[in-house]
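Reading through the structure tokens given below for one structure.
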């Protein structure tokens, strides 16, 4: 039972364009959502988060949007840079347990 | 100075053996976790632990057990290793204070290969 789903395993965009990574969840108990970025042979690193009482959070080039009624969130990266190429994990937090989706591999082409 | 450190980084062992992976955090966090990233790259939570309670993902076999000698350490013990246990195991920690939750900090991962 996957509580967090990232239906696109990979995404390829041109440098300078917008990258949009999507995430769907089923657990209504999630009250906090986080995005993590992972490079090969490294641990995931925190990118941006959003509380369930908000619908948008912005940090520099990264913006996360939350649509609670649709149980959907998305991460926008504008403009995309080659260094953004990594695997992005979406996570839903219900207190002590943070559950992640399967990840989306983003490739930003120069 | 690494915030969350795991040892060993690589572990190759035979089926049936018992092994441990150690994790230490120097961030003063009160909650620690173990995650498993399998061959399909899913990052699955195994355990959540603070000094008050242990939460176990019900899909984790009881051959896996977390051991916490103190707040800064959460070791993972695996008995009777099976081929399907081959994966990268990530330790993580965070601070949870009332309704306030900080982000997770992950270690670099420990790649376990069972032959």
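Protein chains in written order, with this note's numbering: chain G, 34 to 143; chain U, 14 to 128. Glycine included, every Cβ here is placed at the ideal spot set by N, Cα and C.
Residues bridged to residue i (per DSSP)
i, result
"residue 105 of chain U", "U:46, U:119"
"residue 87 of chain U", "Answer by DSSP bridge pairing: none, since residue 87 of chain U is not bridged."
"residue 54 of chain G", "G:108"
"residue 126 of chain G", "G:65, G:131"
"residue 100 of chain U", "U:125"
Minimum Cβ-Cβ distance from residue i to chain G less than 8 Å
i, result
"residue 126 of chain U", "no"
"residue 97 of chain U", "no"
"residue 37 of chain U", "no"
"residue 61 of chain U", "yes"
"residue 116 of chain U", "yes"
Residue-level contact to chain U via CB, residue i, 8 Å cutoff
i, result
"residue 77 of chain G", "yes"
"residue 63 of chain G", "no"
"residue 40 of chain G", "no"
"residue 55 of chain G", "no"
"residue 129 of chain G", "yes"
"residue 139 of chain G", "no"
Fill in: Any 3 or more C-beta pairs closer than 8 Å across the region 121–130 of chain G and the region 59–68 of chain G
yes
Item to complete: Scan the region 66–122 of chain G and note each continuous beta strand (DSSP E) run of 3 residues or more that stays entirely inside, going in chain order.
Response: Listed in chain order, they are 78–84, 89–92, 95–100, 105–110.
Worksheet item: Using a beta-carbon distance cut-off of less than 7 Å, what residues from the region 79–109 of chain G approach chain U?
Response: 79, 82
Practice prompt. Determine contact between the region 40–51 of chain U and the region 102–119 of chain U, defined as no fewer than three beta-carbon pairs at a distance below 8 Å.
Written response: yes
Discussion item. For the pair the region 74–87 of chain U and the region 108–127 of chain G, tell me if three or more CB-CB distances fall below 8 Å.
Written reply: no
Discussion item. Count Cβ pairs between the region 40–50 of chain G and the region 79–92 of chain G that sit closer than 8 Å; are there 3 or more?
Written reply: Here the region 40–50 of chain G makes no contact with the region 79–92 of chain G; the two share fewer than three CB pairs at distances below 8 Å.
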